[in-house]
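Peer 1:
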Amino acid sequence: MRSHLLNDTTAESYRRSVTEGVERVARKLTTARGPFTGVTPAELAPAVDAVDLDRPLGDASAALDELEDVYLRDAVYFHHPRYLAHLNCPVVIPAVLGEAVLSAVNSSLDTWDQSAGGTLIERKLIDWTTGRIGLGPLADGVFTSGGTQSNLQALLLAREETGTTDLTKLRIFSSECSHFSVQKSAQLLGLGRDAVVSVPVDRNKRMQSVVLAAELEACRAEGLIPMAIVATAGTTDFGSIDPLPEIANLAAEYGAWMHVDAAYGCGLLASRTRRGLLDGIERADSVTVDYHKSFFQPVSSSAVLVRDGATLRHATYHADYLNPRRTLAEKIPNQVDKSLQTTRRFDALKLWMTLRVMGADGIGELFDEVCALAREGFELLAADPRYDVVVEPQLSTLVYRYVPGTAASPEDVDRANLHARKALFASGEAVVAGTEVDGRQYLKFTLLNPETTAADIAAVLDLIAGHAEQYLGENLVHA
Ligand SMILES: Cc1ncc(COP(=O)(O)O)c(C=O)c1O
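In terms of the working numbering, the sequence shown opens at residue 1 and continues consecutively.
Written as structure tokens, this is what we have:
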């Protein structure tokens with residue numbers, strides 16, 4: 001069994017094994033005809049069930065053959081130009097190279113004595129990101145597992161900075177379109193059920209700062225504490241960016257921590273033409289960025305950044321065996337002092353390789369391309385009588401609904417849109433997402449693949465209309 005350990009004696013087997021895996025994936029990439037095969041859980045489950053985990057196959061080739069049947073053949077492929085659903089990006093090759101290196105070396109970024117250069121690389125990328133945001137000389141941060149964790153950590157710091165122990169008094173303000181991790185965080189942080197005040201959005205799905213101001217005033221009048229305002233720079237559903245300068249003014253006026261959830265919109269930090277959309281982000285107390293959304297990085301790659309690095313102390317605990325207090329005095333850079341995690345992947349290496357090979361402009365250009373594509377898609381939808389489109393995109397998301405030319409109730413139209421999404425998924429020809437707007441069913445494209453063209457969008461809209469029409473034809477006749 002020792003032959004399976006990665007060490008000085010097995011370097012050749014490592015090379016062969018990993019190369020074989022890479023070959024299989026490369027073949028998949030070149031042969032996948034659509035983003036998905038349309039397999040159902042019932043069809044796939046027997047193959048997975050049939051695997052006896054107590055009877056190993058013994059060699060990598062056989063395990064890869066088996067993997068073909070239980071995973072690779074039917075995986076959902078984000079690199080395909082007709083994968084248009086969630087906030088998943090195709091990944092850039094330098095980052096995949098970084099992933100291969102980091103998993104083999106397997107550094108853990110909690111302490112210097114488990115990572116050495118990895119720690120310095122992560123710190124440099126944190127400084128690079130805070131510099132791009134403009135958070136100032138005291139800024140700091142840490143890589144996390146994703147936007148959910150970044151938001152949780154930011155709100156933990158915000159809670160601690162209030163200095164209050166009466167958690168029932170704390171309020172968080174975020175738009176009705178903010179990510180549900182804000183609510184989850186509030187619960188995990190022990191705040192009351194009413195802690196998150198949902199602020200309505202305008203017709204462009206941006207937080208209404210006038211209502212925010214009124215809510216803050218009401219909060220103050222009731223003797224409650226405005227713990228944090230969460231502004232979203234790129235809402236999950238619409239890609240809308242809340243009015244950051246106005247929110248920053250209100251945060252300053254009411255003494256609230258300003259957190260910007262830029263999990264999606266962070267790609268603008270690398271854009272040479274659209275960076276202005278984030279104006280005001282530099283006034284935040286904390287920022288979430290998901291490199292695994294708009295920096296074309298493999299999952300996971302995210303960070304939480306703070307204006308005042310000293311606030312990260314709220315996540316600091318000392319263990320004699322790991323990061324004893326004396327290491328602070330010795331100025332040993334232990335990233336665990338800033339993190340909610342202990343053992344932690346060297347995800348920063350992926351971004352490092354990306355910046356060293358492509359540069360930030362390269363990433364920014366890719367993100368600019370998908371934002372430009374969304375604009376083209378919007379024009380297609382706006383001119384198409386079969387569709388109702390919700391808002392002009394600020395980033396790369398389009399939310400729309402098939403509307404038939406013939407009379408049909410809103411409920412039937414809901415069902416037709418739901419059916420079209422499912423039928424498309426089952427066909428494997430394209431994958432789109434769905435959401436609700438004002439209680440009605442809508443469909444969604446999240447465009448993150450620069451290889452997707454306007455022609456792809458037009459073709460997918462035709463497919464959706466075909467499925468929806470067929471549904472209405474069959475169901476309205478029999479009604
Ligand atoms: C605006 C926003 N914030 C936070 C998150 C959560 O990020 P993650 O899925 O990386 O935890 C998402 C995910 O889609 C998001 O869109």
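A virtual CB, placed ideally from N, CA and C, is assigned to each residue, including glycine.
Between A139 and the rest of its own chain, which residues show a CB-CB distance below 7 Å, the 5 nearest in sequence each way excluded?
Peer 2: Result list for A139: T130, L305, V306, R307 and G309, in chain order.
Peer 1: What is the DSSP secondary structure of T119, reduced to helix, strand or coil?
Peer 2: In the structure shown, T119 sits in a helix (DSSP, three-state: H, G or I).
Peer 1: Any contact between the stretch 463-476 and the stretch 419-435? By contact I mean 3 or more CB pairs, one from each, below 8 Å.
Peer 2: These segments touch.
Peer 1: Is it buried or exposed for T452, if we count other Cβ within 10 angstroms and need 16 for buried?
Peer 2: Flag for T452 reads buried.
Peer 1: Fully enclosed by the stretch 262-350, which alpha helix (DSSP H) runs are 4 residues long or longer?
Peer 2: The qualifying runs are 291-294 and 326-329.
Peer 1: Please state whether DSSP places T164 in a helix, a strand or coil.
Peer 2: Here T164 sits in coil by DSSP.
Peer 1: Does the distance from the CB of V431 to the CB of F36 come in under 7 Å?
Peer 2: Yes, Cβ-Cβ distance for V431 and F36 is below 7 Å.
Peer 1: Within a Cβ cutoff of 7 Å, which residues of the same chain sit near G136, ignoring the five residues on either side of it in sequence?
Peer 2: These residues qualify, in order along the chain: R307.
Peer 1: Could you check if T236 belongs to the surroundings of ligand 1, using beta carbon to heavy atom distance under 6 Å?
Peer 2: Yes, ligand 1 has a heavy atom inside 6 Å of this Cβ.
Peer 1: Which same chain residues end up closer than 7 Å to L125 when comparing Cβ atoms and leaving out the 5 residues on each side of it in sequence?
Peer 2: Excluding sequence neighbours, L125 sits near A348, L351 and W352.
Peer 1: Could you tell me which of H80, A95, A218 and P41 sits nearest to Y71, measuring between CA atoms?
Peer 2: The shortest Cα separation from Y71 among H80, A95, A218 and P41 belongs to P41.
Peer 1: In or out: P245 buried (at least 16 other Cβ within 10 Å) or exposed?
Peer 2: It is exposed - the Cβ of P245 has fewer than 16 other Cβ atoms within 10 Å.
Peer 1: So, does the stretch 270-282 touch the stretch 53-73, judging by three or more C-beta pairs under 8 Å?
Peer 2: With the cut-off at 8 Å, the stretch 270-282 and the stretch 53-73 do not touch.
Peer 1: Quick check: the Cα distance between D261 and S302, rounded to an integer number of angstroms?
Peer 2: So the alpha carbons of these two residues sit roughly 11 Å apart.
Peer 1: Using a Cβ-Cβ cutoff of less than 7 Å, which residues in the same chain neighbour N299 once the five nearest sequence positions on both sides are dropped?
Peer 2: The amino acid at residue 299 is misidentified as Asn; the sequence shows Val. Excluding sequence neighbours, V299 sits near H292.
Peer 1: Between D69, S174 and V101, which lies nearest to A195 when the distance is taken from Cα to Cα?
Peer 2: Checking every option, the nearest Cα to that of A195 belongs to S174.
Peer 1: With burial defined as no fewer than 16 other Cβ atoms inside 10 Å of the residue's Cβ, what is the status of T144: buried or exposed?
Peer 2: Counting Cβ neighbours within 10 Å, T144 comes out buried, since at least 16 surround it.
Peer 1: When you compare only the Cα positions, how much space is there between A154 and T406?
Peer 2: One C-alpha to the other measures close to 50 Å.
Peer 1: Is Q149 helix, strand or coil by DSSP?
Peer 2: Here Q149 sits in helix by DSSP.
Peer 1: Of all the options D65, L57 and E43, which has the alpha carbon lying nearest to the alpha carbon of E23?
Peer 2: Residue D65 is the option with its Cα nearest to E23.
Peer 1: May I ask whether a heavy atom of ligand 1 can be found less than 6 Å away from the beta carbon of S174?
Peer 2: No; taking the cut-off as 6 Å, the Cβ of S174 has no heavy atom of ligand 1 nearer than that.
Peer 1: Let me confirm a value: Q187 is counted as buried when at least 16 other C-beta atoms fall within 10 Å, else exposed. Which label applies?
Peer 2: So Q187 counts as exposed.
Peer 1: Can you look up A433 in the DSSP assignment and give me helix, strand or coil?
Peer 2: Looking at A433 - three-state DSSP - the assignment turns out to be strand.
Peer 1: Suppose you measure from the CA of W112 to the CA of R345; what does that come to, to the nearest Å?
Peer 2: C-alpha separation (whole angstroms): 13 Å.
Peer 1: Which residues in the same chain have their Cβ closer than 6 Å to the Cβ of D290, if we skip the five residues on either side of it in sequence?
Peer 2: The answer, listed in chain order, is G147, A263 and S302.
Peer 1: If I follow the unbroken beta strand (DSSP E) through D388, where does it start and stop?
Peer 2: Y387 to V389 is the extent of the beta strand (DSSP E) around D388.
Peer 1: Assuming contact is defined by CB atoms lying nearer than 7 Å, are T311 and L157 in contact in what I supplied?
Peer 2: Yes, Cβ-Cβ distance for T311 and L157 is below 7 Å.
Peer 1: Contact defined as beta carbons within less than 8 Å: I believe E369 pairs with P450. What is the distance between those atoms, to the nearest angstrom?
Peer 2: Yes, they are in contact, since the Cβ atoms of E369 and P450 sit about 4 Å apart, within 8 Å.
Peer 1: Where are the beta strand (DSSP E) runs, 3 residues long or more, that stay fully inside the stretch 188-240, in chain order?
Peer 2: Taking only runs of at least 3 residues, the beta strand (DSSP E) segments lying wholly in the stretch 188-240 are 196-199 and 225-232.
Peer 1: Let me confirm a value: R16 is counted as buried when at least 16 other C-beta atoms fall within 10 Å, else exposed. Which label applies?
Peer 2: Its Cβ having fewer than 16 others within 10 Å, R16 is exposed.
Peer 1: What do you reckon, are the CB atoms on E176 and V211 nearer than 7 Å?
Peer 2: The answer is no: Cβ separation not under 7 Å.
Peer 1: Per DSSP, what kind of secondary structure is V403 in: helix, strand or coil?
Peer 2: Coil at V403, not helix or strand.
Peer 1: Rounded to the nearest angstrom, what separates R386 and H179 at their Cα positions?
Peer 2: Between R386 and H179, the C-alpha separation is close to 30 Å.
Peer 1: Pick from T316, E411, D54 and R203: whose alpha carbon is nearest that of Y471?
Peer 2: Out of T316, E411, D54 and R203, E411 has the C-alpha closest to the C-alpha of Y471.
Peer 1: Cβ-heavy atom distance between T148 and ligand 1 below 6 Å?
Peer 2: Yes, the beta carbon of T148 sits closer than 6 Å to at least one heavy atom of ligand 1.
Peer 1: Using the rule of at least 16 other Cβ atoms within 10 Å of the residue's Cβ for burial, across every protein chain shown, is T19 buried or exposed?
Peer 2: Under this definition T19 is an exposed residue.
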